[in-house]
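Q: Let me give you the structure first, and then I'll get to my questions.
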Amino acid sequence: MLAVAALSAVAFFADRINGGLARDARQLLGGDAIVASDQPAPPEFARKAAAMGLKTALSTTFPTMGRATDEQGGATRLITAKAVAAGYPLRGTLRVAEAPGGAEQELAAAPAPGTVWVDAAVLSSLNLKVGDALLLGDASLRIAKVLVVEPDRGAGFLGFAPRVMLNQADLPATGLIQPASRVTYRLAVAAPGASDAPVRAFVQWAEDEIKARDLRGLRLESVATGRPEMRQTLDRAEKFLNLVALLAALLAAVAVGIAARDFAGRHLDDCAMLRVLGQPQRRIAALYLLEFLGVGLLASVLGVALGFVVHHVFVWLLAGLVDSALPAVGGWPAAFGLGVGMTLLLAFGLPPVLQLAQVPPLRVIRRDVGALKPASIAVLAAGTAGFVALLLAVSSDLTLGLIAVGGFAAAVLLFAL
Numbered sequence: 002m003l004a005v006a007a008l009s010a011v012a013f014f015a016d017r018i019n020g021g022l023a024r025d026a027r028q029l030l031g032g033d034a035i036v037a038s039d040q041p042a043p044p045e046f047a048r049k050a051a052a053m054g055l056k057t058a059l060s061t062t063f064p065t066m067g068r069a070t071d072e073q074g075g076a077t078r079l080i081t082a083k084a085v086a087a088g089y090p091l092r093g094t095l096r097v098a099e100a101p102g103g104a105e106q107e108l109a110a111a112p113a114p115g116t117v118w119v120d121a122a123v124l125s126s127l128n129l130k131v132g133d134a135l136l137l138g139d140a141s142l143r144i145a146k147v148l149v150v151e152p153d154r155g156a157g158f159l160g161f162a163p164r165v166m167l168n169q170a171d172l173p174a175t176g177l178i179q180p181a182s183r184v185t186y187r188l189a190v191a192a193p194g195a196s197d198a199p200v201r202a203f204v205q206w207a208e209d210e211i212k213a214r215d216l217r218g219l220r221l222e223s224v225a226t227g228r229p230e231m232r233q234t235l236d237r238a239e240k241f242l243n244l245v246a247l248l249a250a251l252l253a254a255v256a257v258g259i260a261a262r263d264f265a266g267r268h269l270d271d272c273a274m275l276r277v278l279g280q281p282q283r284r285i286a287a288l289y290l291l292e293f294l295g296v297g298l299l300a301s302v303l304g305v306a307l308g309f310v311v312h313h314v315f316v317w318l319l320a321g322l323v324d325s326a327l328p329a330v331g332g333w334p335a336a337f338g339l340g341v342g343m344t345l346l347l348a349f350g351l352p353p354v355l356q357l358a359q360v361p362p363l364r365v366i367r368r369d370v371g372a373l374k375p376a377s378i379a380v381l382a383a384g385t386a387g388f389v390a391l392l393l394a395v396s397s398d399l400t401l402g403l404i405a406v407g408g409f410a411a412a413v414l415l416f417a418l
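Quick note: the sequence shown uses the working numbering, first residue 2, plus one each step.
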């Protein structure tokens, strides 16, 4: 039970951490997938996304100069303008304030037409305050809020310049988009429900469409294919959690093997008495097999329940490092815990127990007869195969699993010398 609890606790915690990382990665991306281009994407992309039931949001990002009015001194500053349409952001929320350093509030909306949200650096460098006018090209837009956090800003060159966010409807009035302008157009798509199957279908369609029509300047970004810094973070976190699970699996395998052999050693005399009373080996083996499987299944269920409780302790202990709003745990860790429990039982616990059926009746009068024997080659091969399968399943990585198997085998040989 404790072995299953340890593995289940790690599995529950890893499942929630991976879910939280994937959720946050989508927030950093601004959606489940992005069609980015240096020219407006063909309208077929937005229509196809809508036909698949996906939500869409358009944004246009480009560097430009922001200027204060002559009455405010006429200062200028290089900024990054971002025009967003209704529905932005699809993932995550914006955090804004009424004044620099003021109380923050979360919003999932675009600025109202005729207004802009700006970084605090824009206000300080242009000597402006909330409510003043900001000149962008030919348009004069009122500063409505201070932009504190923008989830999908990114880490590129344009991300370092102070941000000015405006409504997509105000973009034509600025006159800033010209044929030679350096502009990034982004069409974000997101699934309305929990399933990401529509997003995968859209990404596949978009990739085929880009190749078939040879659309230059268009690229697809997702958690898997775009933003390499997010992919690296997810990969490293997954490997770390897999290593923790591997360590738990190794300890669990050893614990189950020791416990099963101790159980068998304490029941040798009972089995010898059953043989004296005329019970055949097959019946004794079936009796202990059913008992072992029943107790093992019950222990696995209790271990999964205990692991579910313990994983909340992990979250509490790491509250300063882990977002408390982690997604709900899925059903896979519970099924995995039950499967691991039965695998450990069959591979490491069952062989010593099945030897109980081979205890001779003579042990009743001679205690030196019928002691547990070393496992046969066939039993060792079956146990090794189960152990390798367990490590490969826990690691979710062939290379990592084989390294763990090799390391464990080397340790066994070292201690056997």
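No residue lacks a Cβ here, since even glycine has one placed at the ideal position from N, Cα and C.
Compare the beta carbon distance of SER223 and VAL204 with 9 Å and say whether it is the shorter of the two.
A: Your numbering for residue 223 matches position 222 in the sequence shown. Your numbering for residue 204 matches position 203 in the sequence shown. Yes.
Q: Going by DSSP in three states, ILE178 sits in which element: helix, strand or coil?
A: Counting from 1 along the sequence shown, the entry for residue 178 is found at position 177. Coil at ILE178, not helix or strand.
Q: Helix, strand or coil for ARG314 per DSSP?
A: Here residue 314 refers to the residue found at position 313 of the sequence shown. Residue identity differs from the one stated: residue 314 is Val in this sequence, not Arg. DSSP places VAL314 in helix when its eight states are reduced to three.
Q: Should the stretch 261-280 be called in touch with the stretch 350-362, which here means at least 3 C-beta pairs below 8 Å?
A: yes
Q: Check whether the Cβ atoms of LEU188 and PHE409 sit closer than 9 Å, and answer yes or no.
A: Translated into the one-based positions of the sequence shown, residue 188 becomes position 187. Translated into the one-based positions of the sequence shown, residue 409 becomes position 408. Result no, Cβ atoms of LEU188 and PHE409 do not sit closer than 9 Å.
Q: At which residues does the alpha helix (DSSP H) containing ARG201 begin and terminate?
A: What you label residue 201 is simply residue 200 of the sequence shown in a count that begins at 1. Here the alpha helix (DSSP H) through ARG201 covers 198-214.
Q: Can the beta-carbon of ALA145 be found closer than 9 Å to that of VAL117?
A: As a first step, residue 145 must be located in the sequence shown, where it is residue number 144. As a first step, residue 117 must be located in the sequence shown, where it is residue number 116. A Cβ-Cβ contact shorter than 9 Å links ALA145 with VAL117.
Q: Please work out which residues of its chain come closer than 7 Å, Cβ to Cβ, to ALA207, disregarding the five sequence neighbours upstream and downstream, and give them in chain order.
A: The sequence position of residue 207 within the sequence shown is 206, counting from 1. For ALA207, where only same-chain residues beyond five positions count, the Cβ hits under 7 Å are VAL36, PHE46 and LEU221.
Q: If you draw a straight line from the alpha carbon of ALA86 to that of PRO112, how long is it in whole angstroms?
A: Translated into the one-based positions of the sequence shown, residue 86 becomes position 85. Translated into the one-based positions of the sequence shown, residue 112 becomes position 111. Distance between the alpha carbons of ALA86 and PRO112: 9 Å.
Q: Would you mind working out which of ALA300, LEU327, LEU290 and GLY75 sits nearest ALA358, comparing C-alpha positions?
A: Taking the sequence shown and counting its residues from 1, one reaches residue 358 at position 357. Looking at ALA300, LEU327, LEU290 and GLY75, the one whose alpha-carbon comes closest to that of ALA358 is LEU290.
Q: If GLY338 and VAL305 are in contact, beta carbons under 8 Å, what's the gap, nearest whole angstrom?
A: Against the sequence shown, residue 338 aligns to sequence position 337. Against the sequence shown, residue 305 aligns to sequence position 304. Going by Cβ atoms, the distance from GLY338 to VAL305 rounds to 4 Å, so yes, they are a contact pair.
Q: In whole angstroms, give me the CA-to-CA distance for ARG283 and ALA253.
A: Looking up residue 283 in the sequence shown gives position 282. Looking up residue 253 in the sequence shown gives position 252. Whole-angstrom Cα-Cα distance: 29 Å.
Q: Pull up the distance between the alpha-carbon of VAL341 and that of LEU219, whole angstroms please.
A: Taking the sequence shown and counting its residues from 1, one reaches residue 341 at position 340. Taking the sequence shown and counting its residues from 1, one reaches residue 219 at position 218. Here the alpha carbon of VAL341 sits roughly 45 Å from the alpha carbon of LEU219.
Q: Is PRO101 near ALA76, with beta carbons less than 9 Å apart?
A: Walking along the sequence shown from the start, residue 101 turns up at place 100. Walking along the sequence shown from the start, residue 76 turns up at place 75. No, the pair does not count as a contact, with Cβ atoms beyond the cut-off.
Q: Less than 9 Å between the C-beta atoms of VAL165 and GLY67, yes or no?
A: Your numbering for residue 165 matches position 164 in the sequence shown. Your numbering for residue 67 matches position 66 in the sequence shown. Contact: yes.
Q: Are ARG154 and ARG92 closer than 9 Å when you measure CB to CB?
A: Here residue 154 corresponds to residue number 153 of the sequence shown, with the count starting at 1. Here residue 92 corresponds to residue number 91 of the sequence shown, with the count starting at 1. Going by beta carbons, ARG154 and ARG92 fall outside the 9 Å limit.
Q: Beta-carbon separation of PHE308 and VAL97 under 9 Å?
A: The sequence position of residue 308 within the sequence shown is 307, counting from 1. The sequence position of residue 97 within the sequence shown is 96, counting from 1. The residue you asked about is not Phe; residue 308 is Gly in the sequence shown. Against a cut-off of 9 Å, the Cβ pair of VAL97 and GLY308 comes out as no contact.
Q: Quick check on the burial criterion: 16 or more other C-beta atoms within 10 angstroms. Buried or exposed for ASP14?
A: Along the sequence shown, one-based indexing puts residue 14 at 13. In the sequence under discussion, the amino acid at residue 14 is Phe, which differs from the Asp named in the question. PHE14 comes out buried.
Q: Apart from the five residues just before and just after GLY32, which ones in its own chain have a Cβ nearer than 6 Å to its Cβ?
A: Working through the sequence shown from its first residue, we reach residue 32 at position 31. So the list reads LEU91, ARG92, ALA189, VAL190 and ALA191, once near-sequence residues are dropped.
Q: Taking just the CA atoms, how far does ALA386 sit from ALA405?
A: Numbered from its first residue, the sequence shown carries residue 405 at position 404. Numbered from its first residue, the sequence shown carries residue 386 at position 385. Going from the Cα of ALA405 to the Cα of ALA386 covers about 14 Å.
Q: What is the C-beta distance between LEU177 and GLY138, in whole angstroms, given that I count them as a contact (C-beta under 8 Å)?
A: The residue you call residue 177 lines up with position 176 of the sequence shown. The residue you call residue 138 lines up with position 137 of the sequence shown. That pair is a contact at about 4 Å.
Q: Alpha carbon to alpha carbon, what distance is there between ALA23 and VAL389?
A: Counting from one through the sequence shown, the residue named residue 389 turns up at place 388. Counting from one through the sequence shown, the residue named residue 23 turns up at place 22. Going from the Cα of VAL389 to the Cα of ALA23 covers about 29 Å.
Q: Give the C-beta separation of GLN169 and LEU59 to the nearest angstrom, bearing in mind that I take them to be a contact with Cβ-Cβ under 8 Å.
A: For the purposes of this step, residue 169 is identified with residue 168 of the sequence shown, where counting begins at 1. For the purposes of this step, residue 59 is identified with residue 58 of the sequence shown, where counting begins at 1. About 6 Å separates the two Cβ atoms, so the contact holds.
Q: Am I right that ALA249 and LEU8 are in contact with their C-beta atoms under 8 Å? What's the rounded C-beta distance?
A: Start at 1 with the first residue of the sequence shown, and residue 249 comes out as number 248. Start at 1 with the first residue of the sequence shown, and residue 8 comes out as number 7. The pair is a contact, with the Cβ atoms about 5 Å apart (cut-off 8 Å).
Q: Keeping to the same chain, check which residues put their C-beta closer than 7 Å to that of ALA41; ignore five residues upstream and five downstream.
A: As a position in the sequence shown, residue 41 is number 40, starting the count at 1. A small correction: the amino acid at residue 41 is Pro; Ala does not occupy that position in the sequence shown. Same-chain partners within the cutoff: TYR186.
Q: Which full runs of the alpha helix (DSSP H) of 4+ residues lie inside the stretch 262-348, going along the chain?
A: 269-277, 282-318 and 333-345
Q: From the DSSP output, read off the bridge partner residues of LYS56.
A: For this step, residue 56 is matched to residue 55 along the sequence shown. Answer by DSSP bridge pairing, in chain order: ALA191.
Q: Using the three-state DSSP reduction, which class does ASN19 fall into: helix, strand or coil?
A: The residue given as residue 19 occupies position 18 in the sequence shown. Helix at ASN19.
Q: Does the distance from the C-beta atom of ALA84 to that of THR62 stay below 9 Å?
A: Translated into the one-based positions of the sequence shown, residue 84 becomes position 83. Translated into the one-based positions of the sequence shown, residue 62 becomes position 61. In this structure, THR62 lies closer than 9 Å to ALA84 by Cβ.
Q: Which partner residues does PHE63 have in the DSSP bridge list?
A: As a position in the sequence shown, residue 63 is number 62, starting the count at 1. Answer is ALA82, bridged to PHE63.
Q: Based on DSSP bridge pairs, tell me the residues matched to ARG217.
A: Mapped onto the sequence shown, residue 217 falls at position 216. According to DSSP, ARG217 shares a beta bridge with no other residue.
Q: With DSSP run on the structure shown, which of helix, strand or coil describes LEU95?
A: Residue 95 sits at position 94 when you count from the first residue of the sequence shown. Strand.
Q: Let me confirm a value: ILE211 is counted as buried when at least 16 other C-beta atoms fall within 10 Å, else exposed. Which label applies?
A: Here residue 211 refers to the residue found at position 210 of the sequence shown. Counting Cβ neighbours within 10 Å, ILE211 comes out buried, since at least 16 surround it.
Q: In chain order, what residues of the same chain lie with their CB nearer than 7 Å to the CB of HIS268, ignoring the 5 residues before and after it?
A: What you label residue 268 is simply residue 267 of the sequence shown in a count that begins at 1. Scanning its chain for C-beta atoms nearer than 7 Å, with the 5 sequence neighbours on each side dropped, one finds around HIS268 the residues LEU357, in chain order.
Q: Expressed to the nearest angstrom, what Euclidean distance is found between the alpha-carbon atoms of ASP133 and SER141?
A: One-based indexing of the sequence shown puts residue 133 at position 132. One-based indexing of the sequence shown puts residue 141 at position 140. The straight-line gap from Cα to Cα measures roughly 10 Å.
Q: By Cβ distance below 8 Å, which residues in the same chain neighbour LEU315 in space, the five residues on each side in sequence not counted?
A: Counted from its first residue, the sequence shown places residue 315 at position 314. What sits at residue 315 in the sequence shown is Phe, not Leu. Once the five neighbours on either side are set aside, the close Cβ partners of PHE315 are ALA10 and PHE14.
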